[in-house]
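When you line the sequence shown up against UniProt numbering, it's residues 1 to 298, in that order.
In what follows, a structure is listed as structure tokens, so that the remarks can point back to it.
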Amino acid sequence: MEPPQGLIVLTDFLQLTVAGLSQGSVYALLAVGLIAVYTVRHVINIAQGEFAMLAGLGSAWLAAAGMPLLLAILVAILSVTLVAIAMERLIIARVKKLTPLTSIILTLGVSTLLQAIMLLAWGPEAKGVPLFPGTNILIGGVSIRSQEFWMIGALIVVGGGIVLFYEKSRWGKALRACAEQPVAARIVGISPVTASVLAFAIAGFVGGVAGVVASPIYLSLWSGGVLLGLKGFVAAVLGGFVSFRAAIVGALLLGVIEAYVAGYVSSGLRDGAAFLILILVLVVRPQGLVLKPTAVRV
Numbered sequence: 001m002e003p004p005q006g007l008i009v010l011t012d013f014l015q016l017t018v019a020g021l022s023q024g025s026v027y028a029l030l031a032v033g034l035i036a037v038y039t040v041r042h043v044i045n046i047a048q049g050e051f052a053m054l055a056g057l058g059s060a061w062l063a064a065a066g067m068p069l070l071l072a073i074l075v076a077i078l079s080v081t082l083v084a085i086a087m088e089r090l091i092i093a094r095v096k097k098l099t100p101l102t103s104i105i106l107t108l109g110v111s112t113l114l115q116a117i118m119l120l121a122w123g124p125e126a127k128g129v130p131l132f133p134g135t136n137i138l139i140g141g142v143s144i145r146s147q148e149f150w151m152i153g154a155l156i157v158v159g160g161g162i163v164l165f166y167e168k169s170r171w172g173k174a175l176r177a178c179a180e181q182p183v184a185a186r187i188v189g190i191s192p193v194t195a196s197v198l199a200f201a202i203a204g205f206v207g208g209v210a211g212v213v214a215s216p217i218y219l220s221l222w223s224g225g226v227l228l229g230l231k232g233f234v235a236a237v238l239g240g241f242v243s244f245r246a247a248i249v250g251a252l253l254l255g256v257i258e259a260y261v262a263g264y265v266s267s268g269l270r271d272g273a274a275f276l277i278l279i280l281v282l283v284v285r286p287q288g289l290v291l292k293p294t295a296v297r298v
């Protein structure tokens, strides 16, 4: 006996929702990295997506070479964090009058450089990290892959940890002080240099985490960071580029909307949905999901 048509429709809806939430978790991690940098240096980091691809390809290569999966992931994430710090020290920090437009040009150059390095190092083929340990779960006809739990869990642990870091820790408050009142921060002994390095380290770290947890399902490609980074950018815009919480909510909504578009309309229109949302937000509500655009929130 076939299940009722209504049950099939509901199952498909829930299946798309789960897929959207897991993909949105990746966008959210990238948005967190973008906001972490912007709130300290007012830099729009176009290379954020490349951090994810670099970690995904690096960990896949290390795992294929025989390194234990956990160690390969840790080495890849640490390496990308160091790349982000080097980017800040060697490029961003050397520009005295850094405007958002200048930052876009600089980080676009870094993005192109990282793409070329990945293409030369690993070739044009997409590669994936082996699936993380876990068991797929079937609930009421809705299949939840173990890797999707890892993706959502990474957002909860890493994204939630960064929110708590900014809200509760002394260093998090110092970062906000540097962003809001840089002169006053210097007077009380808070180093803007240290804050900038730490912000880029956070961006590299969350980008690396996003890359490795998504790689087993969506694979990593030398050119894949551009589109992925733009999706993170849309989520950051939804957060007004100041609110981690709003950006995370916006990223999850973006992932779910993309899944619905792909499932109910056309998979070819999936990526277009993100940019339609971006246009609508910029026209209708430039502050994004933030209720009070004049206040800096974390």
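The beta-carbon is built from N, C-alpha and C at its ideal position, and this holds for glycine as well.
Given the structure is predicted, the values throughout are model-derived calculations rather than measurements.
### Task
Would you mind stating whether Gly288 and Leu238 have Cβ atoms separated by less than 8 Å?
yes
#### Entry: Under 8 Å between C-beta atoms of Ile202 and Val234
no
### Task
Express the C-alpha separation of Ala210 and Ile85 in angstroms, rounding to a whole number.
18 Å
### Message
Which residue marks the beginning of the beta strand (DSSP E) containing Leu138, and which one marks its end?
### Response
Ile137 to Ile139
### Query
So, using beta-carbon positions, are Leu34 and Ala214 closer together than 8 Å?
no
### Task
Can you tell me which of Val261, Thr81, Ala199 and Pro130 puts its alpha carbon nearest to the alpha carbon of Tyr166?
Ala199
### Where the beta strand (DSSP E) containing Ile144 begins and where it ends
Val142 to Ile144
### Query
Mapping DSSP to helix, strand and coil, what is Ser243?
coil
### Task
Whole angstroms is fine: what's the gap from Ser269's alpha carbon to Val43's?
Note that residue 269 is Leu in the sequence shown here, rather than Ser. Whole-angstrom Cα-Cα distance: 30 Å.
### Task
Output the distance between the C-alpha atoms of Gln181 and Val110, rounded to the nearest integer angstrom.
28 Å
### Query
Sorted by chain position, which residues of the same chain lie with C-beta nearer than 6 Å to Gly263's C-beta, five sequence neighbours on each side aside?
Leu16
#### Entry: Simplified DSSP assignment, three categories, for Ser220
strand
### Task
Report all residues from its chain with a CB closer than 7 Å to the CB of Pro293; omit the five preceding and five following residues, and keep chain order.
Any reading at Pro293 must be qualified, since the residue scores a pLDDT of 47, below 50, and its modelled position is unreliable; the value itself is stated next. Hits under 7 Å: Gly240 and Gln287.
#### Entry: C-alpha gap between Arg245 and Leu29, whole angstroms
11 Å
### Query
Using a Cβ-Cβ distance under 8 Å, would Asp271 count as near chain C?
Protein chains in the displayed structure number just one, and chain C is not present.
### Query
Looking at the structure shown, is Val284 part of a helix, part of a strand, or coil, going by DSSP?
helix
### Message
With a threshold of 7 Å on Cβ separation, who are the neighbours of Leu21 within its own chain once the five nearest residues in sequence on each side are excluded?
### Response
Ile152, Leu252, Gly255 and Val256
### Where residue 302 falls, given that 16 or more other Cβ within 10 Å makes a residue buried
In the structure displayed, the chain extends from 1 to 298; residue 302 sits before or after that span and is not available.
### Task
Could you tell me whether the stretch 58–65 touches the stretch 171–179, using the rule of 3 or more Cβ pairs below 8 Å?
no
### Task
Measure the Cβ-Cβ separation of residue 351 and Val80 and say whether it is below 8 Å.
For residue 351 there is no data in the structure shown, the boundaries of the chain being 1 and 298.
### Query
Which same chain residues, not among the five before or five after residue 300, have their C-beta less than 7 Å away from its C-beta?
No answer is possible for residue 300: the residues shown for the chain start at 1 and end at 298.
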